[in-house]
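FYI, the working numbering numbers position 26 of the sequence shown as 813, with every residue one higher than the one before it. Glycine included, every Cβ here is placed at the ideal spot set by N, Cα and C. Here is the structure we will look at, set down as structure tokens.
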Amino acid sequence: PPPGVEWFDLKVAGGVVLDAASRALLPELARLAESVHARGGVNFTGRLVGDADGARLSGSVDAGKLALTVGEVVAKPAGHPATVRVQLSMPADLSLVQVPELSAEVGAATISLVGEYPLLGDGPISARLAVKVPALEKLAELSPLLATCKLAGGAEVELTGSRRQGRNIISFARLTARNARGSFRGKPCRLDGTIELSDVTWTRRSVTVGRAATESLAWAVGSSGGFVAADLSGLPERAAGTAKVVCHRVDLPELMRWAAPQTPLLNPAKLTPADRKSLTARADKLLGNAGELFRRADLRIVLKADTFRTFDTMVRAFYEVRDLKVRATVKAGKVNAGYRCGLNGGGMDFLFDVDLNQPRPRLATRAELD
């Protein structure tokens, strides 16, 4: 508190209407309102309490009567529920802000944030974020851009993170999709299940993931889709674990066009000698880096697909195989992989292995047709 004041308890309640009078009285507010095409008004309450130990602030804002537009991203109509609640505290030395509650409810979406943030010096930051959208289709009421995606289903995101000594750390993150579906880049997409990450650390030069796992994860893009069961750790420096993907269909050209629409998949670019030299150098560098990672890895990967469609750029033809089974293991630099599938009434097997621990690794292959 100020000198001579042992404690204080201030309360405020009111509202702001964006009319001609308020715009004339508060030019900065008028410019802000104009930038987002805001109309209507907001109501608010607040309480500030202080003593020798510090200060505590609590309050809420009701923006249900406010309408605003931000390009095609946000278009909130008046009458659409929107509230914000906040609680925060600061010690007497004002060294940090503690936020036990910062939450917002906008229609069907709920967002909450708690954490601790330094005000003086470069102290540690910690925060927990949670976002829940039980009805994704209702986001279309607030966003013309999302309305074109035809969203449905639900989704939740949880994230706990911190920043210490220049390192950003996500100790835990979880995405839960509840039959989430929509249209993206002209293809129907669907995701159902859970993805979890833990001990994610990143700096300007590197990213590491302590653990990445899925639970009952189903996916679909266009005609492709299936299930993923993965539990991986030590990514990427000491990758270990298993990943299994079981699909009813994988249409690789379709997925590549969807993921990278500008990629010349069916009409590959012609390379000049200089292009080939540059790409060869880049490939050698990538293979060298991959070799270092493989020598520290312990991975088992399985892919199964009832049908698998691909495009051979050498003969410029599509191929569709049946009952594809791909298996790969990487352990201490030794790579063993292979696949079996049915094609044109027959079957084929292809196996290869390589020991990256050798001074000059050699690739051994074997192919069989029946």
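Under the criterion of beta carbons closer than 8 Å, Ala-999 and Leu-978 do not qualify as touching, at roughly 16 Å.
Secondary structure note for Leu-906: it is in no alpha helix (DSSP H), with a DSSP letter that is neither H nor E. Nearest C-alpha to Ser-1020 among Asp-1038, Ser-1003, Gly-802 and Arg-1083: Arg-1083.
Contact between the stretch 908-928 and the stretch 946-961 is present: three or more C-beta pairs spanning the two stretches fall below 8 Å. When Cβ pairs closer than 8 Å are counted between the two stretches, the stretch 831-845 is seen not to touch the stretch 854-869, the count staying below three.
Straight through space, the alpha carbons of Lys-1112 and Asp-1099 are spaced by roughly 19 Å. Annotated three-state conformation of Met-1101 is coil, per DSSP.
A distance below 6 Å between beta-carbons, with the five flanking residues on each side excluded, links Gly-1009 to the following residues of its chain, in chain order: Lys-974 and Glu-1041. In the three-state reduction of the DSSP assignment, Asp-1062 falls in the helix class, which pools H, G and I. Lys-852 sits in coil when the DSSP states are folded into three classes, being neither helix nor strand. At the C-beta level, Cys-1034 and Lys-1091 come within 8 Å of one another. Here the C-alpha atom of Gly-858 lies approximately 16 Å from the C-alpha atom of Arg-818.
Here Asn-1131 carries a coil assignment [DSSP, helix/strand/coil]. In chain order, Arg-872 and Ser-899 place their CB closer than 6 Å to the CB of Ser-890, counting only its own chain and leaving out the 5 sequence neighbours on each side. Ser-970 and Ala-808 have their C-alpha atoms some 45 Å from each other. For the options Ser-1003, Thr-1029, Thr-1001 and Ile-957, the alpha carbon positioned closest to that of Val-994 is the one of Ile-957.
A check of alpha carbon separations from Asp-1093 across Phe-1014, Arg-1087, Leu-853 and Pro-1146 identifies Phe-1014 as the nearest. Annotation: Arg-1114 to Glu-888 spans about 48 Å, alpha carbon to alpha carbon.
Straight-line measurement puts the Cα of Leu-1073 at about 19 Å from the Cα of Leu-1058. Buried is the label assigned to Lys-863, since at least 16 other Cβ atoms lie within 10 Å of its Cβ. Per the C-alpha coordinates, the member of Thr-963, Val-792 and Asn-830 positioned closest to Val-803 is Asn-830.
Spatial neighbours of Leu-906 in its own chain (CB-CB distance under 7 Å, excluding positions within 5 residues in sequence) are listed in chain order as Leu-881, Ser-882, Leu-883 and Val-884. Under the DSSP assignment, Pro-814 falls in the alpha helix (DSSP H) whose first and last residues are 814-822.
The same chain holds no residue with a CB closer than 6 Å to that of Asn-1131 once the five nearest residues on each side in sequence are set aside.
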